[in-house]
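Residues in the sequence shown are numbered from 0 upward in steps of one, following numbering that gives the first Met the number 0.
Beta carbons are placed, not taken as given, at the ideal position from N, Cα and C, and that holds for glycine.
Just below is one structure, and these are the notes that go with it.
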Amino acid sequence: MRQFIFALLAAFFVLGCVSGPSEGPAEVPDVIPGQEEVELCDFESSFSGPGDGHFGKTKKLTGSVTCGAGQTLELTVDGQAVDSRTIQGNSTTTVTFDVPGLKTGALPVEVSSAGKTLYSREWGVEALGNQDVTHGDFDSLSFKLWRAMAFDIETAVDVGRISAYMKRLEGKTQPNTNLLVEIRKDENGEPGELVDSTTVPIEETTLTYNWIHFDFSPRAGLQEGRYWVVMQVEQTENIKLVSDAVMLHYMTVDRLAEGNDYTLQMALDVDEKTGYVSETEWVPLSYDREYNIILSE
């Protein structure tokens with residue numbers, strides 16, 4: 000009898016350990032351990048801008064990109080690659096490009112990714128400077144009175160032409176006389192180191208206002224920064240105390256305001272015996288005005 004009880008207990012113990020309660024089928028996890036869940040979404044993008052452009056200046060082109068993780072957006076201007084942005088995630092991302100005014104005219108602006116065009120337009124770029132000559136007045140310049148105007152360059156450009164709206168005072172001109180235009184770096188708020196210069200014969204001017212063009216060959220390469228255009232009359236032979244005078248047109252900004260920090264003049268000292276001149280100092284104009292001088296490629 001005792002042996003039977005021991006056998007029954009042993010069987011119960013073995014069967015109880017082997018045959019546990021049923022828990023149903025095992026659940027399969029949605030994400031395999033060690034792997035990230037893949038987010039499914041459709042790529043979208045939209046862009047606006049840039050506004051009207053000017054030579055040597057930059058304008059903002061702003062865009063919005065969704066579901067663009069890992070994509071690189073490339074900006075080209077007139078067929079030249081100028082900037083790129085890589086999108087880090089799929090959430091909506093704001094993208095901003097600085098679009099450079101490399102030259103004047105209608106320039107193709109395009110944003111693309113992996114060879115696909117996302118945005119494209121013709122961007123109008125004008126010469127840098129004041130082209131409005133509908134009203135205003137003039138300042139004279141000569142070999143002993145120089146005029147200067149500053150330009151702030153925001154992107155590297157090659158200047159091929161400077162144009163000024165001017166006229167000659169007298170019908171007869173002195174021989175061997177030129178109009179001299181210089182591009183100088185800024186030095187403490189006034190013209191400094193010479194970058195480049197060019198001339199045209201004084202006879203290019205007339206008794207009525209015209210745009211007189213000063214061409215640079217090769218073009219003058221400018222980097223980001225402030226530069227000055229200095230204008231004067233040059234006598235190459237038989238220097239005289241009296242030279243041809245040219246009227247440089249300007250637009251009045253405010254006759255009641257002091258001269259600004261981007262238009263200056265210099266009255267040179269003249270040796271009455273030899274006619275030679277020596278530089279003095281640059282000073283502001285008597286009131287706020289802006290010369291009609293423009294820069295282009």
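Exposure label - residue i; buried when at least 16 CB within 10 Å
i: residue 76; result: buried
i: residue 69; result: exposed
i: residue 44; result: buried
i: residue 232; result: buried
i: residue 300; result: No answer is possible for residue 300: the residues shown for the chain start at 0 and end at 296.
i: residue 279; result: exposed
i: residue 122; result: buried
i: residue 275; result: exposed
i: residue 80; result: exposed
i: residue 132; result: exposed
i: residue 176; result: buried
i: residue 168; result: exposed
i: residue 277; result: exposed
i: residue 256; result: exposed
i: residue 98; result: buried
i: residue 193; result: exposed
i: residue 87; result: exposed
i: residue 242; result: buried
i: residue 190; result: buried
i: residue 206; result: exposed
i: residue 204; result: buried
Start and end residues, beta strand (DSSP E) containing residue i
i: residue 74; result: 71 to 76
i: residue 183; result: 176 to 186
i: residue 279; result: From DSSP, residue 279 is part of no beta strand (DSSP E); its letter is neither H nor E.
i: residue 257; result: Premise fails: residue 257 is in no beta strand (DSSP E) and is neither H nor E.
i: residue 132; result: Unbroken run through residue 132: none, as it is neither H nor E.
i: residue 115; result: 115 to 125
i: residue 234; result: 224 to 234
i: residue 219; result: 209 to 221
Reduced DSSP secondary structure (H/G/I, E/B, other) of residue i
i: residue 203; result: helix
i: residue 152; result: strand
i: residue 285; result: coil
i: residue 270; result: coil
i: residue 54; result: coil
i: residue 143; result: coil
i: residue 189; result: strand
i: residue 345; result: Outside the displayed range of the chain (0 to 296) lies residue 345, so it cannot be described from this structure.
i: residue 49; result: coil
i: residue 102; result: coil
i: residue 244; result: coil
i: residue 296; result: coil
i: residue 291; result: coil
i: residue 195; result: strand
i: residue 171; result: coil
i: residue 159; result: strand
i: residue 41; result: coil
i: residue 95; result: strand
i: residue 261; result: coil
i: residue 67; result: coil
Sequence-distant residues of its chain with Cβ nearer than 8 Å to residue i (five each side left out)
i: residue 285; result: 258
i: residue 89; result: 38, 40, 65, 66, 67 and 68
i: residue 91; result: 63, 64 and 65
i: residue 202; result: 172
i: residue 102; result: 54, 77, 124, 156, 295 and 296
Any non-hydrogen atom of the ligand ATP within 6 Å of residue i CB
i: residue 273; result: Absent from the structure shown: the ligand ATP. Ligands present: none.
6 Å CB neighbourhood of residue i in its chain, flanking five on each side removed
i: residue 210; result: 162 and 164
i: residue 119; result: 109
i: residue 220; result: 157
i: residue 143; result: 267, 269 and 276
i: residue 96; result: 60, 74 and 82
i: residue 84; result: 72 and 94
Proximal residues to residue i (C-beta, below 7 Å), its chain only, five neighbours per side dropped
i: residue 247; result: 137, 138, 140, 146, 163, 165, 230 and 290
i: residue 153; result: 55, 56, 57 and 223
At least three beta-carbon pairs within less than 8 Å, the segment 258 to 267 to the segment 134 to 154: yes
message: Does the structure place the segment 102 to 114 close enough to the segment 264 to 283 that three or more beta carbon pairs sit under 8 Å?
response: no
task: Report yes or no: do the segment 217 to 227 and the segment 180 to 194 share at least 3 C-beta pairs separated by less than 8 Å?
output: yes
- prompt: Taking contact to mean at least 3 C-beta pairs separated by less than 8 Å, is the segment 41 to 59 in contact with the segment 95 to 109?
  reply: yes
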